Structures are given as structure tokens and as C-alpha cells.
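Enquirer: Okay, handing you the structure first.
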Amino acid sequence: MKATMNTFLRTALLGSAAASLVTPGLAQAQDAGSATGVSEIVVTGSRIRRDTFNAPMPSAVVTGEEIRRSGYVSLADSLVDLPLFGGNVNQQTAGGTLFQTGQARVDLRGLGGTNVRTLVLVDGRRHVFSDASSPGVDLNMLPQLMVERVDVVPGGASAVYGSEAIAGVVNIIMRKQADGFEGDVQTGVTSRGDGQEFRIGGLYGHKYLGDRLNVLVGGEIARSEPIMQSDRDWAYPGLRRTATPPVLTIVPASRSNASPYANFQLRAGASPLAVVRDVRNPSQIVGLSPACAATTVTPACQDQSLIYASDYAALQSKVSHGVIRGHADYAVSDKVKAFVDASYAKVEGYSTSSPAFSSPAGGGTMPVFITGDNAFLNGTGATAAQLRAIWTAAAPAGGGLTLTPASRAQIGKFWGEFGGRDVRSTRDTTQVTVGLEGQFDALDRTIHWNGYGQYGEMNGTTVSYGQPYKARVQQAVDAVTLPTGQIVCRDVTARAAGCVPWDLVNGPSQEAVAWANAVSTTDQTVKQTVFAASFDTNLLTLPAGPLGVAGGLEYRKEESSFVQDALGAANLLFINQIGTRAGSYDVKEAYGEMRVPLLKDLPFAEELSVEFAGRAADYSSAGRTNQYRLAAVWAPVRDIRFRASQGTAVRAPNIVELYAPQSRSFSTTAQDPCDRQSPAATAAQKAARLANCSAAIANYNPATFNSNIGTGRSSLPILLGGNPDLNPETAHTYELGVVIEPRFVPNLKISLDFFKYNLADQISSLDVNTVLNALCYNSTVAYASNPYCALVVRDPTGATTGVAGGISQVLLTNQNVARTKVEGLDASIAYAFETADLFKADYGRIGLRLDGTDLYRTALQNLPGQAYASLANQAALGIPRWRAQFTGDWSKGPVSLSWTTHFIGSMASTNAFPATALSPYYTGDYYSHDVRATYAFNDQINMRAGVLNVTDKEPPQLPETYTGASSAGAGLYDNRGRFFYVGATFKY
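FYI, in the numbering used here the residues of the sequence shown are 10 to 997.
Quick look at the structure:
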């Protein structure tokens with residue numbers, strides 16, 4: 010049965026239909042249009058007015074009613090179900106993420122989450138970004154009840170809308186008017202009683218001053234509660250692969266040898282010895298099995314005296330938001346209208362993470378050890394006596410250590426006394442748009458015009474708890490006893506600063522915890538200023554129809570700053586050192602479009618039209634860019650419409666990529682290819698090296714040159730961080746499709762679209778030896794014209810390095826180096842009918858829809874000249890080849906029912922291993938199902954209820970697919986399980 014269904018889906022998707030997603034809302038609009046005539050509007054993907062289906066690019070439309078019926082509290086979740094979206098940032102993926110906690114974003118084609126390549130618009134205008142670390146838009150900032158519809162246009166749209174529209178555009182159209190009050194409330198909970206969700210919203214609209222003034226005000230409050238990994242049997246304790254080749258199978262996750270008390274690593278090597286305070290009875294010291302005593306635990310480590318790291322992990326973080334939004338417009342005259350849009354949103358996310366930790370192997374962020382003369386090790390308690398007995402006993406039973414400063418044991422520990430490294434992120438966002446729009450007649454043409462100014466600002470704060478002072482922890486655990494009997498910190502300077510000794514044997518005092526504990530904060534500000542003016546008109550009337558044109562000017566300024574607290578910025582805390590990121594850029598843009606109808610109502614040319622769009626931009630940061638799009642529509646008969654488009658697109662480097670602070674680091678592994686002892690190379694590489702080294706170093710002799718870096722020599726200074734000289738990412742996009750609406754089967758719509766993206770100059774960071782070898786000195790590109798050789802700074806005189814021609818530093822700042830190729834097919838088939846048209850009795854209206862995507866190619870070239878590596882259909886990356894969604898709707902009178910099936914095709918675990926090395930290797934096909942129902946009591950009250958993931962389907966049980974809230978699969982598969990919801994909309 011499973012194979013039959015799989016065959017049916019794939020046959021339906023490829024054989025009979027495809028790509029632009031036709032939702033019931035769109036189908037109904039088209040049906041109405043065919044009967045009554047559709048008034049021309051500006052559709053997303055173009056600025057030329059036309060009917061909703063006469064567009065050269067595929068599009069999807071999700072109505073506001075469908076969004077509310079979906080049962081999702083987050084607007085983004087109701088969109089991500091569509092097959093053309095990749096899994097992206099939401100409350101299932103934000104576990105432990107510092108900046109994106111509480112955000113909900115969308116990502117077309119999986120082309121970029123952090124490096125955003127999907128442009129989100131609100132009413133065709135940009136929205137201020139949601140954080141200073143990446144230019145994404147959090148959809149939690151928009152109240153669902155005020156959303157009229159969402160237009161999704163996959164494909165390069167930069168020529169129409171500008172930067173970030175490489176993968177496509179998501180345009181959220183907000184409601185502008187209402188008559189009276191509307192309210193909406195919804196609540197839900199999982200079948201296990203957790204993950205509760207609640208949302209309440211309302212709006213009020215009315216017209217005043219003889220209907221010249223229209224006002225609409227609304228907002229919502231919503232909240233989602235967390236879900237812990239330990240509360241799901243399928244997720245706890247987790248999975249891992251065995252470490253024994255040739256075939257790596259799946260076993261339960263091993264326990265962690267970083268104990269919440271302390272793991273004393275008394276002996277490493279082939280016969281490791283470690284003891285720990287038992288989590289079941291902390292007063293007891295127990296020895297660990299060899300599998301757990303190793304500094305790196307093996308899959309067999311299951312000692313019950315230890316815990317699982319997943320005890321701390323969340324599958325879903327806590328999110329709450331409140332939004333207020335208003336719109337007002339005033340008819341200055343019959344042909345001029347002034348308008349204002351204003352919104353304020355407060356979003357708060359709380360993510361859960363494990364406490365700070367120290368590894369029993371040493372190294373890492375905060376290595377800690379205990380010495381033989383430690384005051385608490387030599388204390389009078391029974392636990393200390395147990396530990397001393399094992400500490401001093403001869404091998405193999407004991408560590409064979411002495412109770413002197415010369416003996417020490419590494420400590421493995423979760424520092425739970427500080428609490429988890431939880432993150433609370435709060436963002437306040439305000440945006441105001443003021444403008445004029447209207448029309449006038451000139452030369453027998455109606456010209457529509459629009460102009461507006463917009464300002465948006467986001468102020469955010471993240472608070473990272475449980476971030477200990479690294480040095481203070483290390484000083485506090487190094488406790489000794491003075492001759493007076495007083496226990497103190499060994500470090501005299503730390504003692505003078507107030508150091509409180511930490512008892513690793515029996516547990517610390519509150520004073521010791523307080524002295525070493527810290528909280529790290531970051532403050533973010535993002536500002537966006539936009540001024541824009543546009544027009545559109547039918548320039549003249551050709552035999553085949555009006556020649557439509559549109560154009561405009563835009564000015565935009567982006568500013569952001571990110572400031573970490575002084576302790577975190579100085580790398581004194583457990584948290585990563587980030588520092589300060591700040592910068593700004595502005596861009597001036599001009600764009601234009603033209604639609605030329607060539608033929609109409611002729612044999613084999615029911616319609617033939619072509620379109621041109623172009624945009625020129627001047628970035629203060631990245632210089633000038635030009636983009637274009639060419640498109641055509643051909644309908645040989647009324648039932649079939651072919652469409653094609655190709656164009657270029659850009660993504661300008663964001664402020665983080667440009668202006669992240671540059672910091673000095675050092676490499677001890679770098680090797681100078683020009684050194685006489687450089688590693689062996691092929692004949693071609695040797696020839697390239699000789700030519701490039703001779704160009705870089707005066708009087709170079711490959712037999713005698715000794716560099717200043719290499720094994721046993723000085724470390725190499727490297728410079729990391731942003732690069733203000735970055736160029737924009739570029740892309741060529743291609744689409745070719747067909748839409749079929751047969752007259753002999755009313756309300757049947759079929760579409761199939763091929764898409765292709767070629768991205769170049771992608772922004773990435775580089776490895777030092779890759780720059781030195783593959784990109785510069787082993788390259789056949791001439792040294793003087795090779796931009797990567799310019800990253801290697803040599804000292805011609807030896808004044809700074811001591812070696813004439815030595816390397817003084819390598820610049821590893823962000824560079825335009827990577828390329829990506831994406832190809833696939835989108836498919837859609839939709840059919841709706843009244844049963845009364847087929848049967849003698851009226852059993853209601855039935856609607857059927859199948860949408861799918863075959864993303865058969867995703868390939869990445871990390872560095873110039875390298876072979877492309879396939880990323881397609883890998884579970885470890887969360888990029889499935891096959892995704893599909895089927896929905897069946899039935900409605901009669903006040904009742905409607907729907908069934909939705911989501912399909913994710915089987916993926917390979919990872920291409921890092923051959924299929925024969927992993928068992929199982931594939932995830933298997935994944936199906937989940939939703940059931941929804943609505944009942945309209947009257948025109949004022951409408952109830953809804955449903956069950957999402959009605960079969961309680963869990964994610965595929967492969968560690969490469971699902972390892973917690975930060976894994977690639979977390980944004981793709983449902984991790985909360987069966988979810989019940991009920992809601993109501995009411996009007997007055």
C-alpha cells in the first residue's frame with residue numbers, strides 16, 4: 010500500500026500537474042473572475058495592473074481565512090506547509106539560538122535562512138528587519154486577523170523589488186477596512202498536555218466624514234508554551250550511531266560524562282579510570298564503566314550514575330507576542346487619497362539550553378581540574394574519604410595519585426548550579442508609513458501613482474543566563490587550606506578580589522556560586538528608512554491590448570548595531586565572544602517594467618505577450634548593480650497557457666557581513682607553500698607555486714627559502730570578521746511552465762513549472778591553508794591578478810617577521826567565494842465541483858488540491874575551482890527532494906470539513922558516508938495528516954476545531970534527521986505530535 014501511494018503521488022506530480030500552488034482562495038477568485046470579469050489590480054511579482062491569473066510567473070495565494078482555519082498560532086507555520094518552502098526559523102528550531110529565539114521566518118527553496126534570500130513585503134513595501142544579526146523579518150509581528158491574504162512568488166524578483174528577492178517574494182497583504190468589530194480567539198494543546206497555545210485578536214473599522222475617512226485598528230496577543238525533549242518517548246534520550254565500522258548502526262544516545270556534580274578523570278588512555286558523584290545518590294562516589302570513563306564516551310556508555318544531555322534540551326521554545334496595528338486613509342479628492350499605516354509589536358522568546366560545561370578531556374571553553382592538595386578533597390566528610398581512597402589506590406583499582414599539588418585530575422561537569430544557559434530575547438518593533446496615492450488622466454490615459462515615506466525601528470535585548478566567569482570558576486575550584494585551617498582560593502589575587510572556594514566534592518555554597526556566576530546581555534537596534542514613488546499606466550492600446558508600463562524610484566537606508574556586554578565582549582564569560590557590530594548603508598534605486606501584448610484572439614495565439622523589467626541600484630556599501638527580467642506568456646488556445654521567464658537578481662551584503670568587528674587570531678597549523686619544506690605537490694602545483702612565490706618574494710629560491718611560519722615556528726596572525734569591500738551575491742534565475750484550464754472540465758486547474766537558480770559570489774569565510782594553497786600559490790591564475798593572493802600579506806624586508814618575504818598576516822574576512830545551483834519542478838492540480846452538478850441530490854461542494862515540489866538538484870561549490878558537492882535529498886541538511894501536500898475539502902451550508910496530508914520523501918542520511926556504511930541509510934517516506942472543521946452559527950459567529958498530526962506521526966528516527974531543536978530536521982518535521990485546537994471568529 011505504501012509503495013502504491015508513493016507511486017501515485019509521484020505520477021500525479023510529474024505526469025499530470027505542477028508548480029504554481031493554486032489554493033482554494035485563488036481558485037474561487039478565478040472562478041468569480043471568469044463569470045463577472047476581474048478588475049485589474051497590482052499582483053505580486055509585478056507592478057503592472059492586470060487580472061490575478063494573467064501573470065508570467067507562478068504564484069501561490071493563501072487567504073486570511075485559510076490562515077485562521079489552519080490552527081497555527083504563527084503566521085509563518087501556515088506558510089511553511091507549502092512544498093516550495095524549506096524548513097526555517099521557528100519555535101522548533103530556536104533551541105539555544107541566541108539571536109533568533111522567538112522568531113518565525115520563511116525561506117523559499119531553502120536558499121537562505123541566516124543569509125536571507127527570500128524578500129518579505131507587507132503591502133508591497135519592505136518591513137524593518139527583526140534582529141541585527143541577519144536581515145530576516147519575523148512574521149510574529151503581524152496580527153493574523155488583519156491579514157487579507159499572502160502572495161507567494163517563487164523565483165528571482167529582484168528586478169521588481171530589489172535585494173534579497175533571489176529565491177522569491179512573500180507579500181503579506183493587510184486588510185484596509187472593516188465595518189464594525191471582529192474578534193478571534195484560539196487555544197490548543199498537544200495530546201500529552203504540553204505545548205499549550207493561545208491567541209486572542211480583534212479589530213474595529215469604520216468610515217467617518219461622509220465615508221471620506223476610513224479607519225481600521227486591531228491587534229492580537231499570543232503565547233506558545235515550551236516542550237521538553239524528555240517529555241517525548243521517541244525523542245528521549247535521543248539517537249546516535251555506533252562508532253565501529255564497517256557499518257554504523259543506530260543505538261540510543263550515550264549518557265554524558267559531564268556530570269551535574271563532577272566526573273573526576275583519574276586516568277586517561279587505554280585503561281581509563283573515572284569516578285563520579287552518583288546522580289541517584291550524590292553522597293556516593295562510584296566508578297564509571299570503561300565506556301563512560303573514556304574522555305570521549307562511546308555509544309555503550311549507559312551508566313545510570315550519569316545523565317543524558319537531552320535532559321536539558323527543548324523541542325519547542327516559549328514564545329509570546331503582542332501586536333497593535335492601525336490603518337487610516339482619507340480621500341483628499343475623488344482622485345487623491347492620503348494614508349497612514351502604523352504598527353507596534355513586542356515579541357519575547359525564551360529558549361532552554363544545557364548549563365555551561367567542562368570536558369573531562371580538558372580543553373574546550375572552560376577546562377577545570379582539581380589538584381591532590383585540594384582542601385575539599387582532603388576534607389573530613391565520607392564522600393571526600395571515598396574519593397581519596399580511589400585517588401591514591403594503586404592501578405588498576407585507583408588513580409595512583411598523590412595528595413600533592415603535583416597530582417591533578419581533569420573535571421567533567423555540567424555547571425547546573427548556575428542554571429541553564431537559557432536565553433530570553435525581547436524585541437520591540439515600531440513602523441510607520443505615510444503616503445499619498447491616486448490617479449489622474451493625461452492624453453486619454455489613466456495614470457496611477459503612489460508615494461510614501463516609511464520608518465521602522467527594532468530595539469531588542471537578549472539576556473543569556475548561566476554564563477559563568479571562566480577564570481573565576483577555575484580559581485574557585487582550586488581551593489587550599491591555610492595553616493590557620495581556613496579554606497581559601499589558592500590564587501592570592503583572586504582571593505583579594507573576593508574569590509569564594511568551590512567545593513567540587515560535596516557541592517558549592519551559594520556564596521561560591523554567586524561569586525562565579527554572571528549574566529550576559531546584548532542590545533540590538535535596527536533602523537530602516539524608505540522613501541519611494543511609483544506610477545503605472547497603459548501607455549497605449551495595441552491591437553492585442555494595452556501596453557502597460559510601471560516605474561519608480563526608491564531610497565532606502567539600513568542601520569543596525571549590536572553591542573555585547575563588556576564581560577562577554579572581553580571573552581571572560583562562557584558565552585562566545587561577539588563584541589560590537591554596527592554599521593549602515595543606503596541604496597538609491599530606479600526600476601521600470603513594460604508589458605507588451607503581441608497577439609490576441611487569433612488561431613494558435615489566444616494570447617501572446619512579453620514583459621521586461623529592469624532595476625538599477627547604487628549601494629553606498631557595494632557599488633552599482635543592474636538587474637533585469639524577461640518574461641513571456643503564450644496561450645495557443647484558451648485552455649492552455651505557457652509562461653517563461655529569466656532574469657538576474659542580487660543580494661547585497663548585510664551589515665553583519667560588512668561590518669562585523671575584525672579581530673586578531675593566530676594559527677599554529679598554517680604552512681607557507683613557498684617554504685623549502687612545504688608539503689609535496691603535483692608537478693602542476695609545483696610549477697604554479699614557483700611562479701607565484703617568485704612573484705611574491707624578491708629573489709625567491711625554492712631550495713633555500715625558510716618561512717617564518719610552520720611547524721616549530723611562530724604562529725601566523727590572521728584577521729577575522731566583516732569585510733566592507735564585499736560585492737553583492739548574484740543569481741541567474743530561469744522558469745518555464747504551463748497552466749491548463751480545460752473548458753470541458755470546469756474548475757479544473759493544472760500547472761507544471763520548471764525552475765533553476767544559479768547563485769554566484771556567495772559570501773563565506775575561508776580557511777587559512779585553503780587561501781595559501783588552493784586559492785593562491787597552487788593556482789594557475791597570475792599572482793598579480795589573483796584576488797586571493799592579495800589576502801596574504803608578506804613582509805618584503807623582514808622588519809616585522811624577521812624573514813624577508815615572510816608572511817605577516819592573512820586576511821580571512823568574509824569573501825565572495827561560493828556558488829550554488831538549484832533545479833526542480835513545482836506541480837499543482839486543483840479541482841472543485843458542486844455535487845448537485847453530478848448527482849441528483851445536493852451533497853455540498855467538494856474541492857481537491859495536490860501541490861508538490863521535486864527539488865532534484867541542490868549543489869554547492871564552496872571555493873572557486875572546486876567540484877560541486879551535492880546537497881540534494883540529505884536528511885542531515887534538511888533538504889528533501891520530494892515534498893507534497895494534498896487537501897480535500899467538503900462544505901455544505903454552515904459546515905465544512907477538510908483533510909490534509911503532508912508528504913516528505915525519503916532522504917539519504919548524509920553523503921558523508923556511502924550507503925553501505927550506514928544502517929539504515931534512508932529516512933523512509935514521511936506522511937502526516939491534519940483534520941479541520943468549521944461551523945458557521947450565523948453571519949456573526951464561526952467556530953473551528955481540528956487535530957493536527959492526527960496519527961501522532963513522529964520524525965524519522967535517524968540521528969542525522971533529528972537530534973533536537975537545533976537540528977536540520979527540526980524545521981521540517983513536526984516534533985510536538987498530535988495537537989488539538991479550537992477557535993472562534995465573531996463579528997459585531
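Beta carbons are placed, not taken as given, at the ideal position from N, Cα and C, and that holds for glycine. Note that the coordinates shown come from a computational prediction; the quantities given were computed from them, not determined experimentally.
Assuming contact is defined by CB atoms lying nearer than 8 Å, are Q771 and P92 in contact in what I supplied?
Expert: no
Enquirer: Within 10 angstroms of its Cβ, does K849 collect 16 or more other Cβ (buried), or is it exposed?
Expert: exposed
Enquirer: For the structure I just gave you, are there three or more beta carbon pairs, one from the stretch 340-348 and one from the stretch 236-250, closer than 8 Å?
Expert: Contact between the stretch 340-348 and the stretch 236-250 is absent, because fewer than three Cβ pairs lie under 8 Å.
Enquirer: Within a Cβ cutoff of 6 Å, which residues of the same chain sit near G335, ignoring the five residues on either side of it in sequence?
Expert: Shown here for G335: same chain residues with a beta carbon closer than 6 Å to its own, the five before and five after excluded, namely V226, A351 in chain order.
Enquirer: For the candidate residues L611, F621, A614, G588, whose alpha-carbon lies nearest to that of G601?
Expert: F621
Enquirer: Beta strand (DSSP E) containing Y217: first to last residue?
Expert: 206-217
Enquirer: Report yes or no: is there a C-beta of chain C within less than 8 Å of the C-beta of D240?
Expert: Here there is only one protein chain, and chain C is not present.
Enquirer: Does the Cβ of I1 have 16 or more other Cβ atoms within 10 Å, making it buried, or fewer, making it exposed?
Expert: Given that the chain is displayed from residue 10 to residue 997, the structure contains no residue 1 and the question cannot be resolved.
Enquirer: Reducing DSSP to helix, strand and coil, say where K695 ends up.
Expert: helix
Enquirer: Report back the beta-carbon spacing between G409 and A403 to the nearest angstrom; my notes put them in contact at under 8 Å.
Expert: 5 Å
Enquirer: Using a 10 Å radius around the Cβ and a threshold of 16 neighbouring Cβ atoms, would you call Y865 buried or exposed?
Expert: exposed
Enquirer: Does the distance from the C-beta atom of E167 to that of A658 stay below 8 Å?
Expert: What sits at residue 167 in the sequence shown is Ser, not Glu. Yes, the Cβ-Cβ distance between S167 and A658 is below 8 Å.
Enquirer: Per DSSP, what kind of secondary structure is W908 in: helix, strand or coil?
Expert: strand
Enquirer: Where does the unbroken beta strand (DSSP E) through P726 begin, and where does it stop?
Expert: 725-729
Enquirer: Check for me: the beta strand (DSSP E) holding P903 runs from which residue to which?
Expert: Note, P903: premise wrong, no beta strand (DSSP E); not H, not E.
Enquirer: Classify D450 as buried or exposed, calling it buried when 16 or more other Cβ atoms lie within 10 Å of its own Cβ.
Expert: exposed
Enquirer: Using the Cα positions of V646 and P552, report the straight-line distance between them to the nearest angstrom.
Expert: 18 Å
Enquirer: Which one or two residues does DSSP pair with S928 in a beta bridge?
Expert: T258
Enquirer: Taking all protein chains shown into account, do 16 or more other C-beta atoms lie within 10 angstroms of the C-beta of E520, making it buried, or fewer, making it exposed?
Expert: Counting other Cβ atoms within 10 Å of its Cβ, E520 stays below 16 and is therefore classed as exposed.
Enquirer: With a CB to CB cut of under 8 Å and the five nearest residues on each side skipped, what residues in its chain are close to R397?
Expert: Sequence-distant partners of R397 (beyond 5 residues in either direction) whose C-beta falls short of 8 Å from its own C-beta, in its chain, are L386, N387, L412.
Enquirer: Assign I1052 to one of three DSSP states: helix, strand, or coil.
Expert: Shown here, the chain extends from 10 to 997; a query on residue 1052 therefore has no answer.
Enquirer: How is G986 classed by DSSP in three states: helix, strand or coil?
Expert: Shown here, G986 sits in coil according to DSSP, grouped into three states, outside any helix or strand.
Enquirer: Can you find the residues in the same chain that come closer than 6 Å, C-beta to C-beta, to I749, ignoring five residues on each side of it along the sequence?
Expert: Cβ neighbours of I749 within its own chain (closer than 6 Å, five residues either side excluded): I649, I759.
Enquirer: If distances are taken between C-alpha atoms only, which option among T896, T829, I316, H457 comes closest to Q875?
Expert: T829
Enquirer: What three-state label does DSSP hand A521 in the structure shown?
Expert: helix
Enquirer: I need the straight-line Cα distance from L549 to D453, nearest angstrom please.
Expert: 9 Å
Enquirer: How about K346 and E446: are their beta carbons less than 8 Å apart?
Expert: E446 is positioned such that its CB atom lies closer than 8 Å to that of K346.
Enquirer: Taking the alpha carbon of D863 as the point to measure from, which residue in Y564, N585, F94 has its own alpha carbon closest?
Expert: Nearest option by C-alpha distance: F94.
Enquirer: For D487, which residues of its own chain have a beta-carbon under 6 Å away from its beta-carbon, when the five flanking residues on both sides are left out?
Expert: R499
Enquirer: Under the assumption that G462 contacts G444 (Cβ atoms under 8 Å), give the Cβ distance between them as a whole number of angstroms.
Expert: 7 Å
Enquirer: Taking C-beta to C-beta, are S314 and V295 nearer than 8 Å?
Expert: yes
Enquirer: Should V501 go down as buried or exposed, given a rule of 16 or more other Cβ atoms within 10 Å for buried?
Expert: exposed
Enquirer: If we count the other Cβ atoms within 10 Å of its Cβ and call it buried at 16 or more, is Y217 buried or exposed?
Expert: Exposed: under 16 other Cβ atoms inside 10 Å.
Enquirer: Quick one: using the 10 Å Cβ neighbour count with 16 as the cut-off for buried, is R481 buried or exposed?
Expert: It is buried - the Cβ of R481 has at least 16 other Cβ atoms within 10 Å.
Enquirer: Using the rule of at least 16 other Cβ atoms within 10 Å of the residue's Cβ for burial, across every protein chain shown, is L128 buried or exposed?
Expert: buried
Enquirer: Given a threshold of 16 other Cβ atoms within 10 Å of its Cβ, counted over all protein chains shown, does L582 qualify as buried or as exposed?
Expert: buried
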